[in-house]
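> Mind looking over this structure? Questions follow.
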Amino acid sequence: MTRSHFATTRLATLALAGVALLASSCSSTSSTAAPATTPATLPVAVTAPTTDPADTQPPVTEPTVVVQDPAVNAALQPLTGWTVPTYEATDTRNLEADSFERDNPDGTRSEVSCAPKGLPPMTGTFDSFPAFGFSGSILPGLVIQGSGVENGDLRVVPLDRAPATLVSSLSSGTPTQLVDAPTTATITDAVAALQRDADARITGIDVVPANVMYERTETFSFEQSRFALDTSLRYHGSFDASMQVNFAQEKGVEKHSIVVRYVQPMYTIRMAADGIAGPGDYFAAGVTADDLATVQASGAMGPANQPLVIDQVTYGRVMYFTLTSTEATSAQDLMVALDAANEQWDGGAEMTDEQRSLLRNSRIAMLAIGGDQGLAEDAIRTGDIGEYFRSANTTTAAALSFSLRTLDGTKVEVADSVSASRLLCDKTLIEEQAPQFKVAVSGVVGRVEVFVNGTRVIDASHTPDNLLTFTVNEFAYGAGSAGINPHFQSGSNVVEVKYTNLVCINAQFTVKIQVDGRNVVNESMPPKCAFTVTWVYDVDPSEGTVTKRP
Numbered sequence: 002m003t004r005s006h007f008a009t010t011r012l013a014t015l016a017l018a019g020v021a022l023l024a025s026s027c028s029s030t031s032s033t034a035a036p037a038t039t040p041a042t043l044p045v046a047v048t049a050p051t052t053d054p055a056d057t058q059p060p061v062t063e064p065t066v067v068v069q070d071p072a073v074n075a076a077l078q079p080l081t082g083w084t085v086p087t088y089e090a091t092d093t094r095n096l097e098a099d100s101f102e103r104d105n106p107d108g109t110r111s112e113v114s115c116a117p118k119g120l121p122p123m124t125g126t127f128d129s130f131p132a133f134g135f136s137g138s139i140l141p142g143l144v145i146q147g148s149g150v151e152n153g154d155l156r157v158v159p160l161d162r163a164p165a166t167l168v169s170s171l172s173s174g175t176p177t178q179l180v181d182a183p184t185t186a187t188i189t190d191a192v193a194a195l196q197r198d199a200d201a202r203i204t205g206i207d208v209v210p211a212n213v214m215y216e217r218t219e220t221f222s223f224e225q226s227r228f229a230l231d232t233s234l235r236y237h238g239s240f241d242a243s244m245q246v247n248f249a250q251e252k253g254v255e256k257h258s259i260v261v262r263y264v265q266p267m268y269t270i271r272m273a274a275d276g277i278a279g280p281g282d283y284f285a286a287g288v289t290a291d292d293l294a295t296v297q298a299s300g301a302m303g304p305a306n307q308p309l310v311i312d313q314v315t316y317g318r319v320m321y322f323t324l325t326s327t328e329a330t331s332a333q334d335l336m337v338a339l340d341a342a343n344e345q346w347d348g349g350a351e352m353t354d355e356q357r358s359l360l361r362n363s364r365i366a367m368l369a370i371g372g373d374q375g376l377a378e379d380a381i382r383t384g385d386i387g388e389y390f391r392s393a394n395t396t397t398a399a400a401l402s403f404s405l406r407t408l409d410g411t412k413v414e415v416a417d418s419v420s421a422s423r424l425l426c427d428k429t430l431i432e433e434q435a436p437q438f439k440v441a442v443s444g445v446v447g448r449v450e451v452f453v454n455g456t457r458v459i460d461a462s463h464t465p466d467n468l469l470t471f472t473v474n475e476f477a478y479g480a481g482s483a484g485i486n487p488h489f490q491s492g493s494n495v496v497e498v499k500y501t502n503l504v505c506i507n508a509q510f511t512v513k514i515q516v517d518g519r520n521v522v523n524e525s526m527p528p529k530c531a532f533t534v535t536w537v538y539d540v541d542p543s544e545g546t547v548t549k550r551p
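Add 1 to a position in the sequence shown, counting from 1, and you land on the number used in the working numbering.
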């Protein structure tokens, strides 16, 4: 019998009793007024209601509400607040001075001299943690051990949790999920439910934003590149193998690098903290101060291992990569080529063949999360970046980053102090030397005169002048040489070699025209009788050629 049924029965019993009393009263009054003439009134029988023992319910008691032990908040209070830890990173490369020549795109050459130079110290603070730098579960609302901030190993604090509500940033049909007893498994299920609810392939409604953020900057070292990507160097493990090699010094070449980040954040899932008034509110009401003491004794929590809550997790896709080229004359060339690829994606002008070639021939070291790494690299090399980011759905999104808070709501931050170096290279244009021309005559018996554009530069004769009276000991062949570049003029140039010998004795000579020390003309007149002759040569100073006229 329910409580309402029992109350109704009592009221019915009382009503019947009242009727009996009223009937008795009326009967007594009538008897007094006319005792001899009024017939006797039959007594009214009132039967008490019977109650089935099975319908009898014991008094209902309200359920006991377990109240959080005040000692829990008191025990957790010293484990709140946050001291920002600083990580010091140093460039360990042994850079050496180097010098070499390199070809320039315009066909000229430069002398390149490189010397190591330290970069200004870099410091920064980060409150967003890259998911790729951590092992363990990265789930919104999970209470983890704070030591994972430094070592990258996320471990759950082993205490029962109070119910938690997860909230998605997507405008889906059901953007919240209540998790009655938060654990790694139950939170994973709740996150999956939020993802499914927002999946356009299931709901037919696309609620995932497709915005892609793009950043690029010149970089000189691995340490500087990570700093430029806005992630702490503590979490460099995933980058080591793929990116550090691009910054190794290579003798005899000049290379330029840029570091690039494409981020497509699709959605964020956070834990609603509206009802959190104290650090103990994260845990089940049944958790006691003794439970906390046991966990602290195990090392899973304490002053050096604060409990932290994963405040929110951002999901999507990201590409981190370095682009290194020995063809580019500056990092600006690489940035312009990549900018052109992005403008083409947005419907702008087509990339030039030179820009495509620069990207195609560059060295790429990449870390892609939330997508196929091979496809991502192909998208960069071909400049078709839009193909990689064109489609987006919630179920393929990966955890990109997360934020942390202490149990009193303090935002968790880490700091880096970075010392790095670079090779600073100076280029000096090598002036192209015009070909050097030289004319030389030798073995002259007679007289040889050489003219350049009408100016005589050589006049060589044998000695003595009178061959009829010379003696063997006195005779000497005529010879002479001269550089002729100073006598050149723009356009065509003419070299004339005039020979004269009026005596019929051993008339002979040899003429050579050299370009940069190399003979391009080497002609001799064998001994003859008296005669005269003129040889004419056309000279092209720019091409370094000499052509004899017929």
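C-beta: ideal position from N, C-alpha, C; glycine also.
Give the list of continuous beta strand (DSSP E) stretches no shorter than 3 residues that lie fully inside the region 329-398.
You should have 364-370.
> Classify residue 332 as buried or exposed, calling it buried when 16 or more other Cβ atoms lie within 10 Å of its own Cβ.
Label assigned to residue 332: buried.
> With 16 as the cutoff for other CB atoms within 10 Å, does residue 131 come out buried or exposed?
When all chains shown are included, residue 131 counts as buried.
> Suppose you measure from the CA of residue 445 to the CA of residue 488; what does that come to, to the nearest Å?
Distance between the alpha carbons of residue 445 and residue 488 is about 24 Å.
> Spell out a yes or no on whether the region 274-291 and the region 169-176 are touching, meaning 3 or more CB-CB pairs, one atom from each, closer than 8 Å.
Verdict: no, contact absent.
> Given a cut-off of 8 Å, decide if residue 440 and residue 449 are closer than it, judged by their beta-carbon atoms.
It is not a contact, given that the beta carbons lie outside the stated cut-off.
> Which value, in whole angstroms, describes the spacing of the CA atoms of residue 336 and residue 383?
So the two alpha carbons sit approximately 15 Å from each other.
> Measure the C-alpha to C-alpha separation of residue 326 and residue 438 and round it to an integer number of angstroms.
For residue 326 and residue 438, the distance between alpha carbons rounds to 40 Å.
> Mind checking whether residue 264 and residue 323 have CB atoms under 8 Å apart?
Result no, Cβ atoms of residue 264 and residue 323 do not sit closer than 8 Å.
> How many whole angstroms separate the CB atoms of residue 307 and residue 80, which I take to be in contact at a CB cut-off of 8 Å?
At roughly 5 Å, the Cβ-Cβ gap stays under 8 Å, so residue 307 and residue 80 are in contact.
> Using three-state DSSP, classify residue 236 as helix, strand or coil.
It is helical.
> Determine the DSSP secondary structure at residue 185, reduced to helix, strand or coil.
It is helical.
> Name the two residues that bound the continuous beta strand (DSSP E) containing residue 308.
Taken as a continuous stretch (DSSP letters only), the beta strand (DSSP E) holding residue 308 covers 308-326.
> So, is residue 476 buried or exposed, given that buried needs 16 or more other C-beta atoms within 10 angstroms?
Looking at its Cβ environment, which holds fewer than 16 other Cβ atoms inside 10 Å, residue 476 is exposed.
> Would you check if there are 3 or more beta carbon pairs closer than 8 Å linking the region 406-413 to the region 92-108?
In short, these stretches do not touch, since the Cβ pair count stays below three.
> Pull up the CB-CB distance for residue 435 and residue 486, whole angstroms please, since I reckon it's below 8 Å.
Sure, about 7 Å apart at Cβ, within 8 Å.
> For residue 248, name the three-state secondary structure that DSSP assigns.
If DSSP states are grouped into helix, strand and coil, residue 248 belongs with the helices.
> Is the CB-CB distance between residue 424 and residue 86 below 8 Å?
The answer is no: Cβ separation not under 8 Å.
> Using 10 angstroms around the beta-carbon of residue 202, count the other beta-carbons present and answer buried if the total reaches 16, otherwise exposed.
Caution is warranted here: a pLDDT of 49 is assigned to residue 202, below 50, making its placement in the model unreliable, and no coordinate value can be reported.
> So, at 7 Å on beta carbons, what are the nonlocal neighbours of residue 54 in its own chain, with the 5 sequence-adjacent residues on each side left out?
Any reading at residue 54 must be qualified, since the residue scores a pLDDT of 48, below 50, and its modelled position is unreliable; no value is offered.
> Specify the secondary structure class of residue 38 as computed by DSSP and reduced to three states.
With a pLDDT of 39 at residue 38, under the threshold of 50, the modelled position of this residue cannot be trusted; read the value that follows with caution. In the structure shown, residue 38 sits in coil (DSSP, three-state: anything other than H, G, I, E or B).
> Buried or exposed for residue 170, please, with buried defined as at least 16 other CB atoms from any protein chain shown within 10 angstroms of its CB.
With 16 or more other Cβ atoms within 10 Å, it is buried.
> My guess is that residue 429 and residue 112 are in contact by the Cβ rule of under 8 Å, so how many angstroms apart are they, rounded?
Yes, they are in contact, since the Cβ atoms of residue 429 and residue 112 sit about 5 Å apart, within 8 Å.
> Do you know offhand how far residue 228's Cα is from residue 367's?
C-alpha separation (whole angstroms): 16 Å.
> So, with DSSP's three-state summary, where would you put residue 500?
Strand, per DSSP.
> Is the beta carbon of residue 153 closer than 8 Å to that of residue 135?
Closer than 8 Å, so yes.
> Quick check: the Cα distance between residue 357 and residue 148, rounded to an integer number of angstroms?
Cα to Cα, the separation comes out at about 46 Å.
> Pick helix, strand or coil for residue 432, following the three-state DSSP scheme.
DSSP places residue 432 in coil when its eight states are reduced to three.
> Buried or exposed: which applies to residue 334, given that a residue is buried once 16 or more other Cβ atoms fall within 10 Å of its Cβ?
That one is buried.
> Would the beta-carbon of residue 252 fall within 8 Å of that of residue 99?
Their beta carbons are under 8 Å apart, which means residue 252 touches residue 99 by this criterion.
> In chain order, what residues of the same chain have a beta carbon less than 8 Å from the beta carbon of residue 272, not counting five sequence neighbours either side?
141, 142, 165, 166, 167, 168, 310, 311, 312, 313, listed in sequence order.
> Leaving out the 5 sequence neighbours to the left and right, which residues in its chain are closer than 7 Å to residue 29 when beta-carbon positions are compared?
Residue placement at residue 29 is poorly supported in this model, since its pLDDT is 38, which falls under 50; the coordinates still yield a value, given next. Once the five neighbours on either side are set aside, residue 29 has no close Cβ partner at all.
> Can the beta-carbon of residue 376 be found less than 8 Å from the beta-carbon of residue 288?
In this structure, residue 288 does not lie closer than 8 Å to residue 376 by Cβ.
> Whole-angstrom Cβ separation of residue 381 and residue 365, contact assumed at under 8 Å?
Indeed they touch by this definition, with Cβ atoms about 6 Å apart.
> Near residue 183, what residues of its chain come up, given a Cβ to Cβ distance below 7 Å and the 5 sequence neighbours on each side ignored?
Excluding positions up to five away in sequence, the list reads 142, 162, 165.
> Can you pull the DSSP bridge partners for residue 135?
Answer is none; residue 135 lacks a bridge partner.
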